[in-house]
Structure formats: structure tokens, C-alpha cells
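J.: Take a look at this one; I'll ask things after.
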Amino acid sequence: MCGIVGSIQYSSSSNPDLSESLQKLNKRGPDHQSQIQIDHVSLGHARLSIIDTSSAAHQPMTEESGQYTIIFNGEIFNYRELKLDLEKKFQEKFSTHSDTEVLLKLYKHYHTDFLNMLNGFWAFVIYDKSTQTTFISRDRYGEKPLFYSAMPDRFVFGSELKALIPLGIEKKLDQYSLQLYFQLNYIPAPNSVFEGVKKLLPGHYILVKNGEFNIQPYYSISKSQLNQSSTISYDDAKKTLHTLVEDAVERRMVADVPLGSFLSGGIDSSIVSGIASKKVKHLNTFSIGFKDEPYFDETKFANLTAKHFNTNHTVFSLSNEDLFANLHDVLDYIDEPFADSSALAVHILSMHTRKKVTVSLSGDGADEIFAGYNKHQASLKAREKSFLNSALIAFQPILDQLPQSRNSWLGNKIRQANRFAIGAKLTNAERYWRWCSFADDVYARNIQRQPLDQSIIKTRKKFYLSNISEIGNLNEELYTDMQLVLQNDMLVKVDSMSMANSLEVRAPFLDYTIIDFAFTLPVEYKIADGITKKILKDTFRSFLPEEIFHRPKHGFEVPLLKWFRTELKSMITDDLLSNSFIARQNVFSPQIVSELKQKLFSNNPGEVHAQIWALIVFQYWWKKTMDD
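Counting in numbering that gives the first Met the number 0, the sequence shown runs without a single skipped number right up to 627 at its last residue.
Structure below.
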């Protein structure tokens with residue numbers, strides 16, 4: 000895992016020094032940093048050594064002819080097979096044992112046509128000196144980030160937004176991205192917080208030549224595929240899935256540094272850890288527990304699974320004080336507003352895990368692929384016309400007035416019933432958007448002081464929801480989950496928080512062989528009779544302790560409301576959300592912010608803490624990035 004950054008000059012001006020940008024990426028690549036200038040192109044690389052840790056595999060790496068140079072962030076798990084193929088077909092010779100050199104040789108022989116040969120995750124850039132063409136690619140599902148900006152005199156790119164700032168990007172707020180941020184708690188690709196900076200969409204590549212750039216897709220799953228299920232029997236599907244998951248885990252265990260696995264106690268991480276434990280004796284596994292939040296603590300199930308597979312298990316048991324102590328580290332690292340508060344837990348888990356290993360496996364992605372969330376089950380029910388649906392819709396105004404919270408069983412049930420009643424009245428696409436949102440359209444629109452053209456917001460939403468129809472099945476929503484929530488929330492959270500601690504995280508469920516297969520399966524294989532992730536559970540039922548199949552799915556929530564009323568109260572009243580700062584900043588409606596603060600400190604705050612948190616994250620980012 001690494002960090003990359005670069006600049007392509009269109010004019011005759013000198014190539015920029017990338018040292019400051021590379022310094023911004025030092026946690027992504029603490030082991031070695033270097034840059035190179037070729038023609039009008041500057042390429043920089045910050046390395047976290049995983050495969051072939053020798054200096055021979057340092058980057059930027061230039062092919063022996065001098066024609067091709069690469070910077071690469073990621074891992075190619077089938078590089079050994081690809082290397083053998085290159086040796087046999089083209090008599091290629093290799094000077095390293097790295098996957099980086101394999102990518103160079105693949106481009107040499109196949110140019111842009113080799114991307115679908117790759118099994119892994121990546122963002123890489125290859126410069127072809129003979130044609131003066133720069134080739135930029137991002138993996139199928141967006142596990143690795145890639146920002147870029149096309150300016151009049153140059154094209155710049157990098158793994159993190161903060162690495163582009165020294166290269167002269169204009170720090171002009173994208174107000175439309177901001178509106179979506181206050182709905183979703185993140186900014187979805189291809190847009191960023193800045194107008195002139197974009198994120199390369201997963202499954203796409205860019206060619207830059209002669210001052211122009213062209214973006215092309217190389218991977219997608221079509222809407223017709225989502226609604227054309229295979230005729231494979233359930234038993235045969237289980238057998239295939241078992242093989243695919245085992246192979247995916249085994250592929251991701253290739254490393255020349257210590258490797259472990261996250262083990263939350265859930266089904267997904269238990270499957271991954273269990274398979275890995277059969278390949279490595281006394282596999283190191285890691286989980287966190289929550290001393291002060293027993294509702295979210297799953298230590299019992301993690302310990303049970305660890306004992307079952309005889310792993311060398313470590314539990315980091317955290318208090319709310321421990322969580323709070325790491326809050327500013329998280330806020331300091333993120334370089335774009337990102338308000339998923341569970342990032343705090345991922346940061347702490349990554350920090351402690353990194354003390355023992357450099358690579359960790361995870362169970363990320365299974366929920367989105369196999370319908371593991373409550374919202375998936377709710378969506379199926381909402382599509383039905385039933386007396387219960389009608390009753391909940393009728394009583395929704397009453398539900399809206401009752402106390403709602405994720406932190407208690409009753410409060411969470413009321414919250415879920417209210418959200419269901421609202422969603423049941425909407426179209427499939429509208430319901431999906433509402434259930435992905437932490438705030439409604441009205442709030443997200445009105446929180447900003449400057450009125451916006453809502454047709455632009457509608458166009459962006461249409462893009463994100465393009466795969467959901469009124470006649471399609473739940474696979475449409477699952478694929479949208481992958482493109483929206485997984486890509487822009489879950490994977491951003493894991494990538495940024497693990498990289499903040501120089502830890503590489505690998506997710507076997509995001510192997511393209513599993514995903515391609517999963518989206519051929521009928522919906523009823525994934526969710527039926529109130530059972531989520533049905534085929535995944537049935538496939539590995541005999542493999543895992545029976546107790547974890549009866550574990551309730553709670554997720555995790557940081558005790559923000561408690562902090563806002565205690566430790567963080569002064570930050571709200573006297574600093575980031577103070578009347579004077581809001582007025583000076585001139586971004587938000589003073590009236591709306593005042594109403595939010597009033598509700599926060601009332602007897603019935605509801606879920607206003609989520610909106611307050613999104614504001615605080617943005618304000619903190621503003622102060623360190625814009626307020627200079």
C-alpha cells in the first residue's frame with residue numbers, strides 16, 4: 000500500500016517539486032519516498048513495503064528500456080500467475096519479485112487492455128515516454144482512492160486531496176457537493192469538496208496526451224444483468240460460493256510482512272478469519288470492545304470465534320474516554336469532510352493492529368453484496384401492499400414525535416419504524432435515497448446560506464440512482480449500495496483510517512469473482528423468510544460457531560450526544576458553531592444552525608447529533624484547510 004502523486008505540465012514551465020506533496024502522504028508510505036521528472040511529467044511515490052520489500056522494488060519504477068515508468072498504490076494478488084504468463088508468451092525477464100514490475104510489463108504488451116486480467120485493488124499511473132501518454136487507472140470497486148484536477152496548464156493527481164493542494168489546485172467550495180454531504184455524511188464520487196477536483200470513478204481509466212484527457216470505463220455490471228438471475232440450484236450456488244470465498248482469502252494472504260485479520264464477531268469477518276486460520280497457524284486476529292457501550296459490544300462473539308479457530312486473539316477494550324482521546328487524530332487526518340463517526344473505531348482498531356502486523360484482512364463488502372443490512376429486508380417489505388404498511392404510514396406523524404435513538408433497544412425500534420413508514424410511501428429510488436440519508440432534502444438545502452440550483456442536485460442524484468427502477472429487483476439496490484455507500488463511505492473510512500496508521504487492509508469479499516457471481520444469483524438466495532445474507536450463512540453454517548448466527552446486528556455508534564453535552568459543548572457554543580464564527584464564515588444559515596443547537600440541548604434531541612457532527616467535521620476541516 001502506498002501513496003502516489005503527480006503532475007503533467009501542458010506548458011513549457013518547469014516540472015514541480017513534489018516533496019511537499021509526498022510529505023502529506025508520509026503515513027501512506029513511511030518506508031521510502033521518491034520522485035522523478037520525465038519530459039513534462041512529474042511522478043512521486045511514498046511506499047509502504049508489502050511485497051518484495053527490497054530497494055529494488057522502490058518506485059517510481061522504470062522498465063529497462065526506459066520507455067515506461069510507473070507509480071502504483073495497491074496490490075495485485077494474481078501477479079505471480081500473470082508473471083508466469085508474461086515469461087512464457089513474451090520471454091520477459093524480471094529484476095524484482097514485485098507486482099509493480101508485472102504491471103509495467105503488462106502495459107508494455109497489452110497497453111490498456113490488461114485491466115480485467117488483474118485481481119486486486121489499485122490506483123496506478125504509467126507514463127509512456129515514446130508516445131508521451133499518461134495512463135491512470137483505478138480498481139473495479141474503489142478500494143484505493145484517486146483524485147485529479149484538470150487545470151488550464153497542467154493535470155494533477157494523487158491518492159489524497161491534501162497532496163494536490165501544494166500543486167496549486169483552486170480551493171473553491173463545490174456547494175452542490177456540500178448539500179449532498181449534509182444529506183449523506185460523505186461526498187460521493189466523481190465530485191469532491193472542491194469544484195475543480197474530481198475522483199476517478201471505480202472501473203475507469205484516464206488517458207492524458209497533448210493537453211487533453213479522456214476517461215473510459217473498463218468494468219461494470221449492467222442493469223439487465225442485475226435482473227437476469229442464473230438458473231443455478233441453491234446447493235450448487237453454495238458450493239461455488241464456498242470455493243470462491245476460500246480462493247479469495249488465500250489470494251489475499253500473499254505478503255512479505257506480518258499479516259493478521261480483523262475479527263469483529265460478525266459472520267463476515269469470522270468467515271474470513273476462519274479460512275485464514277487454516278492457512279496460517281495461530282493467526283493474529285484483532286477486535287475492539289466498548290466498555291461503556293454494552294449495546295454495541297461484541298467481544299463475546301469475537302472471543303468465541305477466536306477460540307473456535309484457535310487464533311491468537313487480541314481485544315482492545317475501549318472506554319468512551321479512549322474514543323474521545325483519539326477524536327482529534329481522526330479529524331486531523333481526513334482531507335475532505337467525512338462524517339461517518341464509526342471512523343473513530345476503525346482508526347483505533349487500525350492503530351492497535353499495526354503494532355503487531357502490517358496487513359490485515361477484513362469482512363468488508365459482504366453486507367452490500369449479499370443483502371446484510373436491515374434496510375434490505377425493509378425494502379422488500381416496503382414493496383409489498385399490506386395492512387401493516389398502511390397502518391405504519393398512517394401512524395408515522397405520531398412515531399415522528401417519539402424518542403428515537405440507536406443507543407437503546409426501544410429507541411432504535413421506534414427509529415426504524417418511523418424510517419420504514421416514511422420510506423413505504425416513496426418510489427424504490429426515492430426510498431433508497433431517503434434510507435441512505437441522515438437528513439432530508441429540505442434541511443440539506445436550507446443549511447447553506449447560498450441558494451442553489453436544485454436541478455443540478457437532481458441530475459447528480461439521478462446518476463447515483465440510475466440502476467434502481469420500479470420494476471427491477473433488490474439486486475439493483477445492492478449494486479447501488481456498492482457504487483454509492485460502499486465506495487464513498489465504507490471503503491473511504493477503511494482506507495483513510497488504516498492508512499493513517501500505515502496499515503494495509505484487504506477485503507476478500509471484494510474479489511471480482513465473488514461479486515460477479517453474486518449478482519447472477521436470485522434475490523431469494525440472498526434474503527428470504529426474514530434471513531439476511533442467507534446463502535452466505537448457509538454456505539458457512541457448519542464452519543462457524545452456531546452462536547454467532549443468532550447474534551443481533553447492532554452496528555456501532557459513537558456517543559456523540561453525550562460528548563456534545565459535555566466535553567465538546569464549548570466547541571459547539573464558543574468555537575466551530577459559535578454565532579460569531581458562523582457569521583464570519585458566511586457559508587451556513589445562522590438561523591438553521593441556531594435551531595440545531597437549540598434542539599441538541601433540548602429534552603428531545605432525536606437524531607440531531609448526526610447533523611451537528613456533520614457540521615463540526617466540516618468546520619474543523621474548514622479551519623485547517625480554508626481558513627488561512
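C-beta: ideal position from N, C-alpha, C; glycine also.
Report yes if the CB atom of P187 is closer than 8 Å to the CB atom of G141, and no otherwise.
T.: No, the pair does not count as a contact, with Cβ atoms beyond the cut-off.
J.: When burial is assigned at 16 or more other CB atoms within 10 Å of the CB, is P604 buried or exposed?
T.: With 16 or more Cβ atoms within 10 Å of its Cβ, P604 is classed as buried.
J.: Looking only at DSSP bridge pairs, what is K197 linked to?
T.: Per DSSP, Y147 and N190.
J.: Within a Cβ cutoff of 7 Å, which residues of the same chain sit near Q66, ignoring the five residues on either side of it in sequence?
T.: Once the five neighbours on either side are set aside, the close Cβ partners of Q66 are D127, K128 and S129.
J.: Taking the alpha helix (DSSP H) that E86 belongs to, which residues open and close that run?
T.: Element bounds for E86: Y78 to F89.
J.: Whole angstroms are fine: how far does the CA of Q215 sit from the CA of Y204?
T.: Using only the alpha carbons, I get a separation of about 5 Å.
J.: Taking all protein chains shown into account, decide if I446 is buried (16 or more other Cβ within 10 angstroms of its Cβ) or exposed.
T.: Classification for I446: buried.
J.: Would you mind stating whether W525 and K533 have Cβ atoms separated by less than 8 Å?
T.: Reading off the sequence, residue 525 comes out as Lys, not Trp. For K525 and K533, yes; Cβs fall inside 8 Å.
J.: Quick check on the DSSP output: what are the complete alpha helix (DSSP H) runs of length 4 or more inside the segment 436-502, in order along the chain?
T.: Counting whole runs of 4 or more residues, the segment 436-502 contains the alpha helix (DSSP H) stretches 440-445, 453-463, 473-480 and 490-498.
J.: Tell me the residue span of the beta strand (DSSP E) that contains F587.
T.: Looking at the DSSP string, F587 is not in any beta strand (DSSP E), and its letter there is neither H nor E.
J.: How many whole angstroms separate the CB atoms of G471 and L225, which I take to be in contact at a CB cut-off of 8 Å?
T.: Sure, about 7 Å apart at Cβ, within 8 Å.
J.: Sorted by chain position, which residues of the same chain lie with C-beta nearer than 6 Å to A254's C-beta, five sequence neighbours on each side aside?
T.: Here the set comprises I49 and V358.
J.: Measuring CA to CA, which of T519, S269 and A275 is closest to S221?
T.: Closest option to S221, Cα to Cα, is T519.
J.: For A317, does the count of other Cβ atoms within 10 angstroms reach 16, so buried, or fall short, so exposed?
T.: Correcting the residue identity first, residue 317 is Leu in this sequence and not Ala. Classification for L317: buried.
J.: Can you find at least 3 beta carbon pairs, one from the segment 70-86 and one from the segment 35-49, that sit closer than 8 Å?
T.: As far as the Cβ criterion goes, the segment 70-86 touches the segment 35-49, which means the pair count is three or higher.
J.: Roughly how far, in whole angstroms, is the beta-carbon of D328 from the beta-carbon of F508, given that I think they are within contact range, below 8 Å?
T.: About 28 Å; that fails the 8 Å criterion.
J.: On the criterion of 16 or more Cβ atoms from any shown chain inside 10 Å, does T304 qualify as buried, or is it exposed?
T.: It counts as buried.
J.: Taking 8 Å as the cut-off, decide whether the C-beta atoms of R382 and N500 are in contact.
T.: Going by C-beta atoms, R382 is not nearer than 8 Å to N500.
J.: Taking 8 Å as the threshold, find out whether the segment 169-185 comes into contact with the segment 4-11 through three or more Cβ pairs.
T.: No: the two stretches stay apart, fewer than three of their Cβ pairs being nearer than 8 Å.
J.: Going straight from the alpha carbon of V493 to that of S136, what length do you get?
T.: Going from the Cα of V493 to the Cα of S136 covers about 20 Å.
J.: Locate the beta strand (DSSP E) running through Q32, then write down its first and last residues.
T.: First-last of the beta strand (DSSP E) with Q32: H31 to I37.
J.: Anyone know if the C-beta pair for V356 and N283 falls short of 8 Å?
T.: Contact: yes.
J.: D127 by DSSP, collapsed to three states: which one?
T.: Note: D127 maps to strand in three-state DSSP.
J.: Could you tell me the boundaries of the alpha helix (DSSP H) in which A247 lies?
T.: Taken as a continuous stretch (DSSP letters only), the alpha helix (DSSP H) holding A247 covers Y233 to R250.
J.: Which residues in the same chain as F308 place their Cβ atom closer than 7 Å to its Cβ, once the five residues preceding and following it in sequence are excluded?
T.: So the list reads S272, G273 and S276, once near-sequence residues are dropped.
J.: Would you say V124 and G28 are within 8 Å of each other, going by their C-beta atoms?
T.: No, these two residues do not count as a Cβ contact at 8 Å.
J.: Could you check what DSSP says for N427 in three-state terms: helix, strand or coil?
T.: The answer is helix: DSSP assigns N427 an H, G or I state.
J.: Nearest CA to the CA of F156: which residue from L183, I37, D515 and K198?
T.: The shortest Cα separation from F156 among L183, I37, D515 and K198 belongs to K198.
J.: Quick one, are the C-beta atoms of K269 and V557 less than 8 Å apart?
T.: For the sequence presented, residue 269 should be read as Ser rather than Lys. In this structure, V557 does not lie closer than 8 Å to S269 by Cβ.
J.: So, is R430 buried or exposed, given that buried needs 16 or more other C-beta atoms within 10 angstroms?
T.: Buried, since its Cβ has 16 or more Cβ neighbours within 10 Å.
J.: My guess is that R448 and S579 are in contact by the Cβ rule of under 8 Å, so how many angstroms apart are they, rounded?
T.: About 15 Å; that fails the 8 Å criterion.
J.: By DSSP's criteria, S48 is part of a beta bridge. Which residues make up the other side?
T.: Its beta-bridge partners do not exist; DSSP assigns none.
J.: Considering Cα atoms alone, identify which of A393, I581, I333 and T479 is closest to L648.
T.: The requested residue 648 is not part of the displayed model; the chain covers only 0 to 627.
J.: Do T512 and H241 have their beta-carbon atoms positioned less than 8 Å apart in this structure?
T.: No, Cβ-Cβ distance for H241 and T512 is not below 8 Å.
J.: Nearest to F181 by CA position, among V256, D528, L614 and M625, is which residue?
T.: Ranking the options by Cα distance to F181, first place goes to L614.
J.: Would you mind reading off the limits of the alpha helix (DSSP H) that contains G288?
T.: It is not in any alpha helix (DSSP H) - G288 instead sits in the beta strand (DSSP E) that spans N283 to F289.
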